[in-house]
Structures are given as C-alpha cells and as structure tokens.
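J.: Residue numbers (the UniProt record's numbering): 1 to 388.
Even for Gly, the Cβ is constructed at its ideal location relative to N, Cα and C.
1. I need the straight-line Cα distance from residue 361 to residue 369, nearest angstrom please.
2. Excluding the five sequence neighbours on either side, which residues of its own chain have a C-beta within less than 7 Å of the C-beta of residue 328, listed in chain order?
3. State buried or exposed for residue 264, treating a residue as buried only when at least 16 other CB atoms are found within 10 Å of its CB.
4. List the whole-angstrom C-beta distance separating residue 314 from residue 247, where the pair is believed to meet the contact cut-off of C-beta under 8 Å.
5. If residue 73 and residue 24 are in contact, beta carbons under 8 Å, what's the gap, nearest whole angstrom?
6. Take residue 88 as the anchor and find which of 100, 97, 346, 75 has the nearest alpha-carbon.
7. Rounded to whole angstroms, what is the Cα-Cα separation between residue 311 and residue 253?
8. What does the Cβ neighbour count give for residue 209, buried or exposed, with the cut at 16 atoms within 10 Å?
9. Is residue 357 closer than 8 Å to residue 222 when the C-beta atoms are compared?
10. State the CB to CB distance for the pair residue 158 and residue 278, rounded to an integer number of angstroms; the pair is presumed to be in contact (CB under 8 Å).
11. Helix, strand or coil for residue 377 per DSSP?
12. Within a Cβ cutoff of 7 Å, which residues of the same chain sit near residue 142, ignoring the five residues on either side of it in sequence?
13. Are residue 140 and residue 335 closer than 8 Å when you measure CB to CB?
14. DSSP state of residue 132, grouped into three classes?
15. Taking residue 271 as part of the beta strand (DSSP E), name the residues at either end of that continuous run.
16. Can you tell me which of the three DSSP states residue 99 falls into?
17. Between the segment 211-228 and the segment 334-348, do three or more beta carbon pairs fall short of 8 Å?
18. Enumerate in chain order the residues of its own chain whose CB-to-CB distance from residue 8 is below 6 Å, with the five nearest sequence positions on each side excluded.
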C-alpha cells in the first residue's frame, strides 16, 4: 500500500489549464503561467479518439502528415476547471482532450524529479533492498533519490552469486557487454582491466570506448576483508558546472574536442570518440567521459593542444578534489547503483592479501526514469485526491 507522504514526495504537481481567447483560439497556460497558442493541427494530431489512437498501446492509428495544414477549429468547449476541452475540427473530427494528455509537451523535466548537483559533503543516500523490493512507496522514493543525485547505496542485499542481476532488473533492463551479463571484480592474474587489480583507481566513467556507453552501473559487495580500497564517487554534473564558471574557455574546449577511447583484449577491440564533457543544444549537461587509462587526445594544432591539456588537467584536479568527492567503504551486502554518464567512481588501493569480491552489471540509462513515470501515472489520481 503506497502512502500519501511518499506520493507527495515522489510526484511533481504542476498546474496546467486550457483557456479560450475572444477570437476562438485555444491556448494552454503552463506551470509558470506562460501562454501557448495551440493550433488546430497541433491539437488534432494529439487526438485520443478511437479512430486516431489505440486504446491498448496509445500509439497513433493514422499518419499525422496526412492531416490538412489548413485545419480549423469549428467548436471548442472548455470544462469549468480548465483541465478538459471538447473540440470539433473543420474536417468533422471530434475529440476530447485533458490537460494531462498534453502536459509532457510543456514539462522541461519530462515528468521527472529535478536533478540536484552535489559536492563531497552530501550525506550518502541510502535505501534497503527489503523495502524497495517489496513496496511501491519505498521503490518510488528510491527512484526519486537516484534520479536527483545520480546514485544510491542499497543495503542488506543478500550475498548470493548473481544477485546484482536481480537488483538490476528491478531498476531496468540489464545490458550485456563484453564483460558478460554480470562480472566479478577481484584481483586476477594477467587482468584485461585495471579494475581487476589491487591498484588505486581514480575517478572515471566506464566503457567510454563504446559507441553506446552503458548508462547505469551496479556494484554489489559480496566480500570485503581487505585493508583499504575505499570507494569514491564524484558528481560530473557539479564538477562540470564549477569548471564552466571558473574557466569558461577550458569548459568549452572540453566540450568540442573529440577524444579517442580504446579497449583491446584477446576477443574485443572497441574504439569510440567522445568529448570529455557533453551538453545539449541549450548548454545543459548531459554526460561526462573521463578515463585516463583508455583515452587518446588527437594531435591538434600546437596552441590548441596545449590549451586542451591544461583544460583536462583542471578538470582532473577538480575530480580529484576532496571538495567534490564522497568516500565510503563498501561492505558485504552493500550495493551501489550510479549513473555512468554522470557519476565518476573510483577506489583506493588495497591489500591484495585480504579478500575483496564485488559483482557488477550495467542496465539501460532510461530504466529508472521509465519506472518512475509508471508509478507516477499509477498514483497520480490518488495524489490529486490527497491535495484536494
């Protein structure tokens, strides 16, 4: 049974409504009070009528490009609360739309919790496996925390071989890689990756040498009797934002230069190119790619190459700063899940004579977001009743 506190914490409530102008046009008022004129064609292609949209899968039954660009509204009736509108179009089509049908078009967060950048003083977000595996309320709260901060420590996860896959499947779809569906992290002879040694690993992101970089990583501690080996996490979002403020030119250079990443062993040879920092068309951070063991800087013009090396050094020094780093020990039954496109992870060196055994896997980036929206939709009506 999901409780009201968890609903109110997990759901993002924004007031949207329909309005009609004196000339008969329809406009939508978004959560910030902005007005958006909605054209007849734009409304028509969003019709949820049975001849336009499947009630089973919510996919369109017609191609929207076949609709006339000269469509007009013949009639519109808006409900008193502004949340429902009945429309009749010049082609004879009639439909009723709710404001919830159109909410996603105006929600810059895509219905998700706002992302929060963090520094080294952030208390470690925690959840218990028993709670998130058994109740929607606890799982929704865990998803919200993960989506905000980019990581979550899950405790009391049974020390069973392959248990990391069960947790991974709870949060999304497991992504198989060249390391398998899941992999063991422990010291080995002739390792094909530095992770399988007792050496310290600085802050890094995984698999930058893949064209489709795994989005989320899970690491489950089965045994940790080793001295040392503390785990570290750094928020690439927070560091990138800080670098952008401190040295805009360095930040810009790191978003422009395509760096080659390479991984080779007896059975694989991956190569891909990415900038160290990526942002979208509006300048909003999307990902960081940092792995000093596998990157190769292109041979740029001498002045630009020197500037790039200096910019990369600044980024590396910030990533290595205690001001941005969370340090903790993974003990048996602990599992850390983190966004591999945002959160950099590492560890200190440890005594290889003490047993240390982790198992890991990757899942698709969009799994937690999808699950959060499912729970949000499932309980939104309950939340609205609570708010009344």
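T.: If we stick to the structure as given:
1. 18 Å
2. 124, 230, 231
3. exposed
4. 6 Å
5. 7 Å
6. Nearest option by C-alpha distance: 75.
7. 7 Å
8. It counts as buried.
9. Between residue 222 and residue 357, the CB-CB gap stays under 8 Å.
10. Contact between residue 158 and residue 278 does not hold, since their C-beta atoms are separated by about 37 Å, which reaches or exceeds 8 Å.
11. helix
12. 127, 132, 152
13. no
14. helix
15. 269-274
16. Three-state result, residue 99: helix.
17. Enough Cβ pairs lie closer than 8 Å, so yes.
18. The predicted model places residue 8 with a pLDDT of 42, which falls under 50 and marks its position as unreliable; any figure quoted below should be read in that light. Closer than 6 Å at Cβ, skipping near neighbours: no residue.
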